[in-house]
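*Asks:*
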Amino acid sequence: MALLWGAAQATGQSTRDGFAEMLPVFTSGMHTGKHLLYQHEKFVAWIDAKGWLRVQPLDGGKPAGRAFSCLTVEPYYNDKGTTVARPMQRFQDVSAPAVLPASGGKFRLKGRLEENIPFVAEYTFSGNIIKATGGCQDHPSTKPPTNFRLLTRFAPTHSFPQGTPLEKIEAATRGLFVEVIPVGAGGQKIVYPYSVALPSLYGPYTLMTARGAFGPRVITFKPTGKEGRLHGYIYAGFCPYQGWCVQYITQGKRINLSQNEATMIIE
């Protein structure tokens, strides 16, 4: 894979026993604060110092809607059923900051989660498509077991004062939708307007789409791996304009990148 290397790179990263606590980033110029950058006519994507993938849809070279974040999240369930995260703590085999060529390429993120659990996440950039795969490997003594997630978080699009009439909210969010196709639904699509409060948005789904919140750009997610499941998340009683998530969930017993893959298409 060919990379275009930047001249300005971060130095002095905290490294111990072959691990870095943060990824090095460009320290000057138009790529400041970024570890990896990929540019397409419909979006720009970058990896930051924390290892988060961030995506900004574009329309005519200008931002369309708010950038959204793709996090490597490693939650488990405690005895009371509450979701708690085993976050990424250290990175291994860290490369220098780079810009991917227009033809795309792969980026691998490797390291340790909390409790010294190994993990790997890999992103493949090609045209208007980003493919993500990942996993972790619990220790035999790890309790509760990890349930590995690649998560995309959409920020709120609007903020309305308390008591705003529904018709005003509907008018302001007209044309913004979350679209899903549930597993086993025979391809039948369900459309949720951004103004409608949802009891849940869990799934599993064969497809999830964000439409209208990014100008002409349509963001579609598909599970393309054999082990993982595509789910959504929104707080019960909340509306999509208040923010929502797409989650690709897989087991944490072993790292098997050939079996776990989610695909994001930006059209």
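Numbering (this note's numbering), first residue to last: 28 to 294.
Even for Gly, the Cβ is constructed at its ideal location relative to N, Cα and C.
#1: Go ahead and pull the three-state DSSP assignment for V223.
#2: Give the DSSP-derived three-state secondary structure of K195 in the structure shown.
#3: How many angstroms separate the CA atom of L203 from the CA atom of T59?
#4: Determine, using beta-carbon pairs with one atom in the stretch 123 to 143 and one in the stretch 260 to 267, whether at least three such pairs fall under 8 Å.
#5: What does DSSP give as the partner residues of E206 in its beta bridges?
#6: Would you identify the three-state DSSP class for Y262, choosing helix, strand or coil?
#7: Quick one: is D120 buried, meaning 16 or more other Cβ sit within 10 Å of its Cβ, or exposed?
#8: Distance check for V71 and D86, CA to CA, integer angstroms please.
#9: Tell me whether K253 is buried or exposed, calling it buried when 16 or more other Cβ atoms sit within 10 Å of its Cβ.
#10: To the nearest angstrom, how far is the alpha carbon of E197 from that of Y260?
#11: Thinking just about the alpha-carbon of each residue, which of P167, A148 and K195 is nearest to the one in T99?
#12: With a floor of 3 residues, list each beta strand (DSSP E) that falls wholly inside the stretch 121 to 174, ordered by position along the chain.
#13: Can you name the residues that DSSP bridges to D86?
#14: Quick one: is V111 buried, meaning 16 or more other Cβ sit within 10 Å of its Cβ, or exposed?
#15: Smallest Cα separation from P102: which of R93, T247, F146 and M57?
#16: Run through the DSSP bridge pairs and tell me what H25 is partnered with.
#17: For T236 and D44, I'd like the C-alpha separation in whole angstroms.
#18: Output yes or no for whether 8 Å exceeds the beta carbon distance between C163 and G78.
#19: Which same chain residues, not among the five before or five after G214, have their C-beta less than 7 Å away from its C-beta?
*Replies:* Looking at the coordinates:
#1: coil
#2: helix
#3: 32 Å
#4: no
#5: V218 and T236
#6: coil
#7: exposed
#8: 11 Å
#9: exposed
#10: 21 Å
#11: A148
#12: 132 to 140, 144 to 153 and 156 to 163
#13: K89
#14: exposed
#15: F146
#16: In the structure as shown, the chain starts at 28 and stops at 294, and residue 25 therefore has no counterpart that could be examined.
#17: 42 Å
#18: no
#19: I208
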